[in-house]
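Trainee:
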Amino acid sequence: MTERWRSVATAAGLAAADGSTRPTIFAEMTALAIATDAANLGQGFPDADGPEWIRRIAADAILHGANQYPPGRGIPVLREAIAQHRLRHTGIVVDPATEVLVTAGATEALAAALLAFAGPGDEVVTLEPFYDAYPALITMSGATHVAVPLRYADGAFRVDRGALAAAVGARTRVIVINTPHNPTGTVLSADELEIVAEAAKRADAIVLTDEVYEHLTFDGARHHSVAAIDGMAERTVTVSSSGKTFSLTGWKIGWAVGPAPLIEAITAVKQYLTYSGGAPFQPAIARALVEGDADILELRDSLADRRDLLISGLRRAGFDLVVPGGTYFVCADAAPFLSDAVPDGAAFARALPHTVGVACVPVSAFCRAGSETAAALSSWVRFTFVKDEQTLRTAVERLAGLRSATALPSEPRA
Numbered sequence: 000m001t002e003r004w005r006s007v008a009t010a011a012g013l014a015a016a017d018g019s020t021r022p023t024i025f026a027e028m029t030a031l032a033i034a035t036d037a038a039n040l041g042q043g044f045p046d047a048d049g050p051e052w053i054r055r056i057a058a059d060a061i062l063h064g065a066n067q068y069p070p071g072r073g074i075p076v077l078r079e080a081i082a083q084h085r086l087r088h089t090g091i092v093v094d095p096a097t098e099v100l101v102t103a104g105a106t107e108a109l110a111a112a113l114l115a116f117a118g119p120g121d122e123v124v125t126l127e128p129f130y131d132a133y134p135a136l137i138t139m140s141g142a143t144h145v146a147v148p149l150r151y152a153d154g155a156f157r158v159d160r161g162a163l164a165a166a167v168g169a170r171t172r173v174i175v176i177n178t179p180h181n182p183t184g185t186v187l188s189a190d191e192l193e194i195v196a197e198a199a200k201r202a203d204a205i206v207l208t209d210e211v212y213e214h215l216t217f218d219g220a221r222h223h224s225v226a227a228i229d230g231m232a233e234r235t236v237t238v239s240s241s242g243k244t245f246s247l248t249g250w251k252i253g254w255a256v257g258p259a260p261l262i263e264a265i266t267a268v269k270q271y272l273t274y275s276g277g278a279p280f281q282p283a284i285a286r287a288l289v290e291g292d293a294d295i296l297e298l299r300d301s302l303a304d305r306r307d308l309l310i311s312g313l314r315r316a317g318f319d320l321v322v323p324g325g326t327y328f329v330c331a332d333a334a335p336f337l338s339d340a341v342p343d344g345a346a347f348a349r350a351l352p353h354t355v356g357v358a359c360v361p362v363s364a365f366c367r368a369g370s371e372t373a374a375a376l377s378s379w380v381r382f383t384f385v386k387d388e389q390t391l392r393t394a395v396e397r398l399a400g401l402r403s404a405t406a407l408p409s410e411p412r413a
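Following this line, the structure appears as structure tokens:
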């Protein structure tokens, strides 16, 4: 492995500093869940497929010729639907011909943007914990990753405003934000986004905002888009996706929306990644964005019920936790169950499938190794509630056994 790609693999969690390879934490926890027949609340993907009427449109498209390369920027009807969706939900007007790019999921949009905008000598600022692709993509670009902690206090994770102001400087080229936030479930407030906007303007930086959970918010939490703030539309690229919104994660239909010069730069990179894809899925998602609001509301309400079921079970089991305002995830503090044998959240996550038959992931997997944030959240783990109700009820019943235990057993279940 070359030095450059060793650093990328290390940033992605796929290699140790000595170059030895290892699976991602998600692959490791899923393998443990399978081996132990555990309820898998580790990896966040839906158990159920999205609405049948949307899937039928894709099936018809396959049968009626939508099987070759679509236009590199996406089919016009989908770009128009994305622009209409953006206007309807945020009030932001975008030109579907020049300011919308369809991508192979949100991750390709993020990758192409970072490769387009950042390089050696630049800095890219993210929040920490972060979606696990960010550090690898930043490393691929050659830029330096600078992380700003989300602080846990009074039952919530919030942006450390002083740390953000200190982190953004003359070398900052891109600020990456993620709201609603994976892994913590935090929905950034309008005030927090104003702080991001002020920092970006001061540094003349681009804001790359990952909003794939934009519709999956709970308890009246409102998603705000930083591009709607005065003076931010011209320096913001907004990334989203159909995967989370319609429970069609395998289709990989995402998009980037922003000013034409920035979208042009992203397109120049994207055309050498996938060029184009998802031909039969694009017309289906175009219809879904125009006609699928009721399906989105149904999914959101169902997720809210499943979230509440998991939260109730975690609390009964003895966890402290943060009630998420959005996403698929609940972060919980496993400190009451730690011991010399199981000293932190990573050890807890590895022991849990063996001992009670539930899989989760440690929050430290979403932090830089050895960082202040990783240390502060070392006892925390993340559970997903985007699973069917029976899986969640099974998990909750099994987790109830933790409360009566004086310490988490380190040996496998009988």
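Per numbering that gives the first Met the number 0, residue 0 is the first one in the sequence shown, and the count goes up by one each step.
Backbone N, C-alpha and C fix where the C-beta goes; we use that ideal spot for every residue, glycine too.
On the DSSP bridge list, what partners appear for Cys-330?
Mentor: Cys-330 is bridged to Val-321 and Arg-381.
Trainee: Classify Ala-293: buried if its beta carbon has 16 or more other beta carbons within 10 angstroms, exposed otherwise.
Mentor: Its Cβ having fewer than 16 others within 10 Å, Ala-293 is exposed.
Trainee: Given 8 Å as the limit, is there contact between the segment 237-252 and the segment 201-215, that is, 3 or more CB pairs closer than that?
Mentor: Taking 8 Å as the limit for Cβ pairs, the verdict is that the segment 201-215 does touch the segment 237-252.
Trainee: Can you tell me the Cα-Cα spacing of Pro-279 and Phe-318, whole angstroms?
Mentor: Rounded to whole angstroms, Pro-279 to Phe-318 spans 45 Å at the Cα level.
Trainee: Answer yes or no: do Pro-128 and Thr-326 have a C-beta to C-beta separation smaller than 9 Å?
Mentor: No, these two residues do not count as a Cβ contact at 9 Å.
Trainee: Could you round the C-beta distance between Trp-254 and Val-101 to whole angstroms and report it? I think they count as a contact, below 8 Å.
Mentor: So it is a contact: roughly 5 Å between Cβ atoms.
Trainee: Could you tell me the distance, in whole angstroms, from the CA atom of Leu-31 to the CA atom of Ala-37?
Mentor: Going from the Cα of Leu-31 to the Cα of Ala-37 covers about 8 Å.
Trainee: Using a Cβ-Cβ cutoff of less than 6 Å, which residues in the same chain neighbour Ala-394 once the five nearest sequence positions on both sides are dropped?
Mentor: Counting only Cβ-Cβ distances below 6 Å, and skipping sequence neighbours, we find Ala-38, Leu-40 and Val-357.
Trainee: In whole angstroms, what is the alpha-carbon distance linking Leu-261 and Val-225?
Mentor: Using only the alpha carbons, I get a separation of about 16 Å.
Trainee: Got a sec? Which residues, its chain only, sit under 6 Å from Ala-283 by beta carbon, not counting five neighbours each side?
Mentor: Correct list, in chain order: Ile-53, Ile-56 and Ala-57.
Trainee: From Cys-330 to Gly-73, what distance separates their C-alpha atoms?
Mentor: Approximately 36 Å between the Cα atoms of the pair.
Trainee: Within the same chain, show all residues whose beta-carbon is closer than 6 Å to that of Phe-44, passing over the 5 residues directly before and after it, in chain order.
Mentor: Thr-248.
Trainee: Using DSSP with H/G/I as helix, E/B as strand and the rest coil, what is Val-268?
Mentor: DSSP places Val-268 in helix when its eight states are reduced to three.
Trainee: Could you pull the start and end residues of the beta strand (DSSP E) that Asp-209 belongs to?
Mentor: Taken as a continuous stretch (DSSP letters only), the beta strand (DSSP E) holding Asp-209 covers 205-209.
Trainee: For Ala-152, which of helix, strand or coil comes out of DSSP?
Mentor: DSSP places Ala-152 in strand when its eight states are reduced to three.
Trainee: The beta strand (DSSP E) spanning Leu-187 covers which residue range?
Mentor: Counting along the chain, Leu-187 falls outside any beta strand (DSSP E), and DSSP gives it neither H nor E.
Trainee: Please name the residue in Pro-134, His-88 and Pro-182 whose C-alpha comes closest to that of Ile-174.
Mentor: Cα-wise, what sits closest to Ile-174 is Pro-134.
Trainee: Assuming contact is defined by CB atoms lying nearer than 9 Å, are Val-238 and Val-195 in contact in what I supplied?
Mentor: For Val-238 and Val-195, no; Cβs fall outside 9 Å.
Trainee: Excluding five sequence neighbours on each side, which residues of the same chain lie with their C-beta closer than 8 Å to the C-beta of Ala-162?
Mentor: Contacts found: Val-147 and Pro-148.
Trainee: For Gln-270, I'd like the list of residues in its chain whose CB is within less than 7 Å of its CB, leaving aside the five on either flank, ordered along the chain.
Mentor: Taken in chain order, the residues that qualify are Gly-71.
Trainee: With H, G and I counted as helix, E and B as strand and the rest as coil, what does DSSP make of Ala-240?
Mentor: Looking at the sequence itself, residue 240 is Ser, so the reference to Ala does not match. Here Ser-240 sits in strand by DSSP.
Trainee: If I follow the unbroken beta strand (DSSP E) through Thr-47, where does it start and stop?
Mentor: Checking the sequence shown, residue 47 turns out to be Ala, not Thr. No beta strand (DSSP E) holds Ala-47; DSSP gives it neither H nor E.
Trainee: Rounded to whole angstroms, what's the CA-CA distance from Tyr-62 to Gly-276? Just pull it up for me.
Mentor: Reading off the sequence shown, one finds Leu at residue 62, where the question assumed Tyr. One C-alpha to the other measures close to 17 Å.
Trainee: Looking at the structure shown, is Arg-314 part of a helix, part of a strand, or coil, going by DSSP?
Mentor: Arg-314 falls in the helix class under three-state DSSP.
Trainee: Thinking C-alpha only, which one of Thr-171, Leu-351, Ala-333 and Ala-340 is nearest Ala-375?
Mentor: When each option's Cα is compared against that of Ala-375, the closest is Ala-333.
Trainee: Thinking C-alpha only, which one of Pro-95, Gln-281 and Leu-114 is nearest Gly-64?
Mentor: Of the listed residues, the one whose Cα sits closest to Gly-64 is Gln-281.
Trainee: For Ala-166, collect the residues of the same chain with a Cβ closer than 6 Å to its Cβ; drop the 5 residues on either side in sequence, then sort them by chain order.
Mentor: Val-124, Val-145 and Val-147.
Trainee: For Glu-127, list the residues DSSP reports as bridge partners.
Mentor: According to DSSP, which records beta bridges pairwise, Glu-127 is partnered with Pro-148.
Trainee: Could you work out which residue in His-223, Thr-208 and Ala-220 is closest to Arg-234 when comparing CA atoms only?
Mentor: Comparing Cα positions, the closest option is Thr-208.
Trainee: With DSSP as the reference, label Ala-38 as helix, strand or coil.
Mentor: Ala-38: strand per DSSP, three-state reduction.
Trainee: Along the chain, where does the alpha helix (DSSP H) containing Val-92 start, and where does it finish?
Mentor: Where Val-92 is concerned, there is no enclosing alpha helix (DSSP H), given that its DSSP letter is neither H nor E.
Trainee: By Cβ distance below 8 Å, which residues in the same chain neighbour Arg-170 in space, the five residues on each side in sequence not counted?
Mentor: Excluding residues within five positions, the ones whose Cβ falls inside 8 Å are Gly-120, Asp-121, Glu-122 and Thr-143.
Trainee: Could you check the C-alpha separation between Phe-347 and Leu-298 for me, to the nearest Å?
Mentor: One C-alpha to the other measures close to 31 Å.
Trainee: Using alpha carbons as the reference points, say which of Ala-189, Ser-140, Phe-156 and Asp-153 lies closest to Arg-172.
Mentor: Comparing Cα positions, the closest option is Ser-140.
Trainee: Is the distance from the Cβ of Asp-94 to the Cβ of Ala-110 below 9 Å?
Mentor: Cβ atoms of Asp-94 and Ala-110: not closer than 9 Å.
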